[in-house]
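For what it's worth, the working numbering labels the leading residue of the sequence shown as 22, then goes sequentially. Using N, Cα and C, we set each Cβ at its ideal position, and we do this for glycine too. Since we're looking at a predicted model, the values are computed, not measured.
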Amino acid sequence: MNTLSPRSIKANLKTRTIGKKIHLFGQLDSTNSEAYRIALGGAEEGEVVVADHQLRGKGRLGRPWLSPPGVNLYVSIILRPPIAARNASLITIMAAVATAKAMKGISGLQPRIKWPNDLLINNKKVAGLLNEMKCTEDKVEFVILGIGINVNMTLTTVSEEIRSIATSLREELGYDISRVELLKTLLQEVEGEYRTFLTGEPEPILRQWEQFSQMVGKLVEMRSFHEVIRGRVKGIDSDGSLLLSNPDGSERRVIAGDVSQLEELP
Ligand code: BTN
C-alpha cells in the first residue's frame, strides 16, 4: 500500500508511545520544522509528523533534502528523553540502527550505516537522519528525530550528480515497496531501540551499530571542526563518538565530523 493515511499507519501498529498520535500532511515545509513547532507548543513524546511531500526538506549542514511527493518517507518523531544534552549523540546512533533494521526487515537489502547520519546501500545514500534538539541549560527539553528514506523514488529524472551518490529501495530492488509497512516497522524499531537507550545501558545498540557499520577496521579521514584526523576505526563509544586508533597505538574519540574512507596500500 502506497497511500499514507493515519488509519493505515495505525492499523496493527505495535507500539506503546511512538506513533500513538500521528500528524499527517499532504505537504509541509519540513516535517522537522513542524515537529519542532508542535513540540514548542507542548506535543508529547512519541508524537510523529509525516508528510507526503516536503517543500523545504532539510539535510545536514544546511543542505536541502530531495523530497518529491508520493514516493518517499519524511518522518519526524518527538522524543523527550530525561537526559543531559552532552548525552544526546547516542540518539542519532540508536535512530540509525532502528532505520537500518526497518529497511532490512522490509526489503531484505543490507543497509550500511556511515557514521553518524547516513544509511547506504551499495555505497549510495538511501536514507539520512537529521536530529534537532531544544535544551534548557544542560537538560534536553525535546529531540526531533528526522528520518528521510528514499523508498520508491526513481532516479531517472534527477541529475547525474545525484544519481552517482544516491539510491532508493526501489532502485535496488526493482519493484515498489509499501511506504505504510515500512513506516510502521520504522516506528516499532525506533520504539524498541529507544527503550534500550533509556535503560542507560547502550551496549546492545552499540553492538548492532557495529554490525551495520561499514567502518569498523577501516582506515578513515575525518574532518572535524577544521581539523583533519586520520586513523583506523575501532568502534563506537557509549556516548556515540567514533573511536579511532593511531598507528602508535593511541586512541582518539571524535564526537562530530564528516568521514571518508581511505584507500589501503597493498
Ligand atoms: C541528511 O542526510 O542530510 C539528513 C536528511 C534528513 C531528511 C529528513 S526528511 C524528514 C525530516 N524533515 C526534514 O526536513 N529533514 C528530515
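Using DSSP bridges, identify the partner residues of Asp139.
What you label residue 139 is simply residue 118 of the sequence shown in a count that begins at 1. Answer is Lys135 and Gly149.
Using the Cα positions of Leu61 and Leu100, report the straight-line distance between them to the nearest angstrom.
If you number the sequence shown from 1, residue 61 lands on position 40. If you number the sequence shown from 1, residue 100 lands on position 79. So the alpha carbons of these two residues sit roughly 12 Å apart.
Please identify the residue among Pro103, Ala277, Ile142 and Val179 whose C-alpha is closest to the C-alpha of Ser88.
Taking the sequence shown and counting its residues from 1, the one referred to as residue 88 is at position 67. The shortest Cα separation from Ser88 among Pro103, Ala277, Ile142 and Val179 belongs to Val179.
Can you find a heavy atom of the ligand BTN that lies under 7 Å from the Cβ of Leu12?
Residue numbering for the chain in the displayed model covers 22 to 287; residue 12 lies beyond these limits and cannot be assessed.
Measure the alpha-carbon distance for Ile170 versus Gly261 and round it to whole angstroms.
Numbered from its first residue, the sequence shown carries residue 170 at position 149. Numbered from its first residue, the sequence shown carries residue 261 at position 240. Rounded to the nearest angstrom, the two C-alpha atoms are 22 Å apart.
Taking the alpha carbon of Leu204 as the point to measure from, which residue in Ala121, Thr220, Ser185 and Ser259 has its own alpha carbon closest?
Within the sequence shown, the letter at position 183 stands for residue 204. Considering only alpha carbons, the answer is Ala121.
In whole angstroms, give me the CA-to-CA distance for Ile226 and Glu181.
Indexing the sequence shown from 1 puts residue 226 at position 205. Indexing the sequence shown from 1 puts residue 181 at position 160. Taking the CA atoms as reference points, Ile226 sits about 36 Å from Glu181.
Return helix, strand or coil for Lys35, following the three-state DSSP convention.
Residue 35 sits at position 14 when you count from the first residue of the sequence shown. Coil.
Can you grab the Cα-Cα spacing for the pair Val211 / Gly83, in whole Å?
Your numbering for residue 211 matches position 190 in the sequence shown. Your numbering for residue 83 matches position 62 in the sequence shown. Distance between the alpha carbons of Val211 and Gly83 is about 25 Å.
Which two residues bound the contiguous beta strand (DSSP E) that contains Ala121?
Taking the first residue of the sequence shown as 1, we reach residue 121 at position 100. Segment Ser110 to Ser128 is the alpha helix (DSSP H) holding Ala121; no beta strand (DSSP E) there.
Just verifying my parser: in three-state terms, what is the DSSP assignment at Gly213?
If you number the sequence shown from 1, residue 213 lands on position 192. Correct three-state label for Gly213: helix.
Would you tell me roughly how many angstroms separate the C-alpha atoms of Glu65 and Ala105, rounded to the nearest one?
Position 44 of the sequence shown, counted from the start, is the residue given in the question as residue 65. Position 84 of the sequence shown, counted from the start, is the residue given in the question as residue 105. Distance between the alpha carbons of Glu65 and Ala105 is about 19 Å.
Check the C-beta distance from Trp230 over to Ala148 and give it rounded, since I have them as a contact under 8 Å.
Working through the sequence shown from its first residue, we reach residue 230 at position 209. Working through the sequence shown from its first residue, we reach residue 148 at position 127. So it is not a contact: roughly 15 Å between Cβ atoms.
Less than 7 Å between the CB of Lys155 and some heavy atom of the ligand BTN, yes or no?
Working through the sequence shown from its first residue, we reach residue 155 at position 134. No, the beta carbon of Lys155 sits no closer than 7 Å to any heavy atom of the ligand BTN.
Grouping DSSP H, G and I as helix and E and B as strand, with all else coil, what is Thr188?
Taking the sequence shown and counting its residues from 1, the one referred to as residue 188 is at position 167. Three-state DSSP puts Thr188 in coil, outside helix and strand.
For Ala72 versus Thr206, is the C-beta spacing smaller than 8 Å?
Against the sequence shown, residue 72 aligns to sequence position 51. Against the sequence shown, residue 206 aligns to sequence position 185. The Cβ-Cβ distance between Ala72 and Thr206 does not fall below 8 Å.
Any heavy atom of the ligand BTN closer than 7 Å to the CB of Gly40?
Counted from its first residue, the sequence shown places residue 40 at position 19. No.
Determine which residues share a DSSP beta bridge with Met243 and list them.
As a working note, residue 243 is residue 222 in the sequence shown. Paired residues: Ile250 and Val280.
Are there 16 or more other CB atoms within 10 angstroms of the CB of Leu76, so buried, or fewer, so exposed?
As a working note, residue 76 is residue 55 in the sequence shown. It counts as exposed.
How about Met29 and Val201: are their beta carbons less than 8 Å apart?
The residue labelled residue 29 in the question sits at position 8 within the sequence shown. The residue labelled residue 201 in the question sits at position 180 within the sequence shown. Note that residue 29 corresponds to Ser in the displayed sequence, not to Met. Contact: yes.
Please state whether the Cβ-Cβ distance between Leu176 and Thr157 is less than 8 Å.
Against the sequence shown, residue 176 aligns to sequence position 155. Against the sequence shown, residue 157 aligns to sequence position 136. Contact flag unset, no.
Quick check on Glu162: does DSSP put it in helix, strand or coil?
Indexing the sequence shown from 1 puts residue 162 at position 141. The answer is strand: DSSP assigns Glu162 an E or B state.
Rounded to the nearest angstrom, how far is the Cβ of Leu190 from that of Gly80, given a contact under 8 Å?
Indexing the sequence shown from 1 puts residue 190 at position 169. Indexing the sequence shown from 1 puts residue 80 at position 59. Leu190 to Gly80, Cβ: 19 Å. No contact.
Expressed to the nearest angstrom, what Euclidean distance is found between the alpha-carbon atoms of Val249 and Leu208?
Translated into positions along the sequence shown, residue 249 becomes position 228. Translated into positions along the sequence shown, residue 208 becomes position 187. Going by the C-alpha atoms only, they are around 36 Å apart.
Residues in the same chain with beta-carbon distance under 6 Å from Gly278, minus the five sequence neighbours each way, listed in chain order, please.
The residue you call residue 278 lines up with position 257 of the sequence shown. Around Gly278: Met243, Arg244 and Ser245.
Using three-state DSSP, classify Ser88 as helix, strand or coil.
Within the sequence shown, the letter at position 67 stands for residue 88. Three-state result, Ser88: coil.
Pull up the distance between the alpha-carbon of Asp253 and that of Ala32, whole angstroms please.
Taking the sequence shown and counting its residues from 1, the one referred to as residue 253 is at position 232. Taking the sequence shown and counting its residues from 1, the one referred to as residue 32 is at position 11. A small correction: the amino acid at residue 253 is Arg; Asp does not occupy that position in the sequence shown. Looking at the two C-alpha atoms, the distance is approximately 45 Å.
Which one of Asn53, Pro102 and Arg58 has the shortest CA to CA distance from Leu94?
The residue given as residue 94 occupies position 73 in the sequence shown. Nearest of Asn53, Pro102 and Arg58 to Leu94, Cα basis: Asn53.
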